[in-house]
Amino acid sequence: MAVIRPFAAIRPCDEKAHRIAALPYDVYNRQEAKAEVEREPESFLKIDRAETQFDDSVDTYDPEVYKRAHDTLWEMVDKGDFVRDSKACYYIYELTMDGRTQTGIVACASIDDYKDGVIKKHENTRSDKELDRITHVDKCNAQTGPIYLAYRANAVIRDVIAKVKATAPVNDFVAPDGISHRVWIISEDADIAAIQGAFDGINEIYIADGHHRAASAVKVGFKRREENPGYDGTEEFNYFLSVLFPDEELMIMDYNRVVKDLNGMSDEEFLGKMKELFQVNAVEREERKPEKAGKFSMFLGGQWYMCSFKAEDVPSDPVGRLDVSLLQNILLAPVLDIQDPKTDARIDFVGGIRGLDELEKRCSEDCLAAFAMYPTSIHELFDVADAGLLMPPKSTWFEPKLRSGLFIHEI
């Protein structure tokens, strides 16, 4: 069973929610974050990325940066920019992008479920990236960016959400990027009990996005346990802020690859090698998007090609049969000598949100070939996580991104 419990959130007041809500801290570099805070001074980035409040000479990870994050957060709470709910509730968070809506339950997940594998991972994390968020959560005494979790759809949860969404939301705004955000509070005791009971019967929860935020929040929780040996498990630091979405509503976008050289081959030689390894056909530009798993397209020398994996090359294991794994194992490693895509500077990754035009653009600037992938499915992600395995890097791109600052969990 999964322990997914209600909590008393700290939330932006309705008139400021649209200004405070911000994209996750890790989608910006320092200069981009600074520009966004200059554009919108109320943006939660000034807390999530408090170095934006300092001159560039101040190191991003200077202790004063984390102190400023703490001070800014609690000053905003004290002056009424945020409201503190008096009762532990669940919340509904609805996002609409390009006419497609997904609705999640905002709640707190258990650090023990993370440790024990009830909450399943599909990526490794890096300790250097964890340290920043560990320090941020610890110093702010709060979790400010929710973890993006997924579960297999449940009729009870679906019914409660539908009932509450028939009422007026407490937040309703469209962000500058055109994505609509709406929030409701699930406050009736019977609805809270129904949601909690439904999650009690779910044995697997999956991290969709936010592995580093999750690992950091969990490590702060165990740190607090060491500092409070008399803890009884009910303390807020035993739980981490999450938004849980049903699998039937989630969309994973493609995560595409561009390479900067052809390992010494000419375009013609490389195309010849491609035709040995895959079924390859030249296609018109309007046919360049792969329409199903098992296919990818390639842009080379100004021409698009549709490529198919050969059935005999597809293994049965849940990681090896992923399209991104097949491309790596059949082409990128043996032909282009890109052995570790995480560290090799000859390969780059382009999120599907940028579209396939971006691949053509990169091939006119600093790359020689691009590969457009069919998106990994949520059930492929589940299969990998259920097997206790890890996906290759850059396998999934989730959209829309959850906003930070809409829900704060004080620990």
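With this note's numbering applied, the sequence shown covers 11 to 421.
Idealized CB from N, CA, C, for every residue including glycine.
Expected contact under 8 Å - CB spacing of residue i and residue j to nearest Å
i, j, result
"residue 226", "residue 357", "That belief does not hold up - the Cβ atoms of residue 226 and residue 357 are roughly 27 Å apart, past 8 Å."
"residue 105", "residue 190", "7 Å"
"residue 159", "residue 119", "7 Å"
"residue 156", "residue 412", "5 Å"
"residue 267", "residue 359", "6 Å"
"residue 334", "residue 405", "5 Å"
"residue 222", "residue 131", "With 8 Å as the limit, residue 222 and residue 131 do not qualify as a contact, their Cβ atoms being about 11 Å apart."
"residue 181", "residue 416", "7 Å"
"residue 14", "residue 117", "5 Å"
"residue 133", "residue 383", "Not confirmed; about 17 Å, so no contact."
"residue 336", "residue 309", "Incorrect: roughly 19 Å between the Cβ atoms, too far for contact."
"residue 103", "residue 193", "6 Å"
"residue 208", "residue 167", "5 Å"
"residue 314", "residue 329", "Rounded, the Cβ-Cβ distance is 28 Å, inconsistent with contact."
"residue 115", "residue 254", "5 Å"
"residue 146", "residue 76", "6 Å"
"residue 418", "residue 152", "5 Å"
For residue i, three-class secondary structure by DSSP
i, result
"residue 392", "helix"
"residue 73", "helix"
"residue 373", "helix"
"residue 42", "helix"
"residue 99", "strand"
"residue 260", "coil"
"residue 123", "helix"
"residue 152", "strand"
"residue 67", "coil"
"residue 87", "helix"
"residue 245", "coil"
"residue 187", "coil"
"residue 368", "helix"
"residue 236", "helix"
"residue 420", "strand"
"residue 398", "coil"
"residue 198", "coil"
"residue 226", "helix"
"residue 176", "coil"
"residue 275", "coil"
"residue 211", "coil"
Opposing strand residues paired with residue i [DSSP bridges]
i, result
"residue 167", "Answer is none; residue 167 lacks a bridge partner."
"residue 118", "15 and 251"
"residue 104", "113 and 192"
"residue 130", "216"
"residue 22", "92"
"residue 407", "263"
"residue 157", "252"
"residue 268", "358 and 380"
"residue 53", "For residue 53, which the question treats as bridged, DSSP gives no partner whatsoever."
"residue 32", "414"
"residue 289", "318"
"residue 146", "For residue 146, which the question treats as bridged, DSSP gives no partner whatsoever."
"residue 58", "In the DSSP output, where bridge partners are listed per residue, residue 58 has none listed."
"residue 81", "For residue 81, which the question treats as bridged, DSSP gives no partner whatsoever."
"residue 182", "192"
Beta-carbon gap between residue i and residue j smaller than 8 Å
i, j, result
"residue 40", "residue 70", "yes"
"residue 361", "residue 265", "yes"
"residue 202", "residue 100", "yes"
"residue 233", "residue 122", "no"
"residue 43", "residue 59", "yes"
"residue 355", "residue 269", "no"
"residue 113", "residue 171", "yes"
"residue 154", "residue 57", "yes"
"residue 248", "residue 128", "no"
"residue 231", "residue 11", "no"
"residue 224", "residue 250", "yes"
"residue 64", "residue 216", "no"
"residue 4", "residue 198", "Outside the displayed span of the chain (11 to 421) sits residue 4, for which this structure offers no information."
"residue 263", "residue 291", "no"
"residue 72", "residue 26", "no"
"residue 390", "residue 332", "yes"
"residue 51", "residue 414", "no"
"residue 46", "residue 53", "yes"
"residue 18", "residue 96", "yes"
"residue 434", "residue 150", "Lying outside 11 to 421, the shown extent of the chain, residue 434 is not represented and no answer is given."
"residue 277", "residue 304", "no"
"residue 306", "residue 381", "yes"
"residue 272", "residue 369", "no"
"residue 256", "residue 339", "no"
"residue 385", "residue 351", "no"
For the segment 293-358, list the beta strand (DSSP E) runs that are entirely contained and at least 3 residues long, ordered along the chain. Fully enclosed beta strand (DSSP E) runs of 3 or longer: 305-310 and 313-318.
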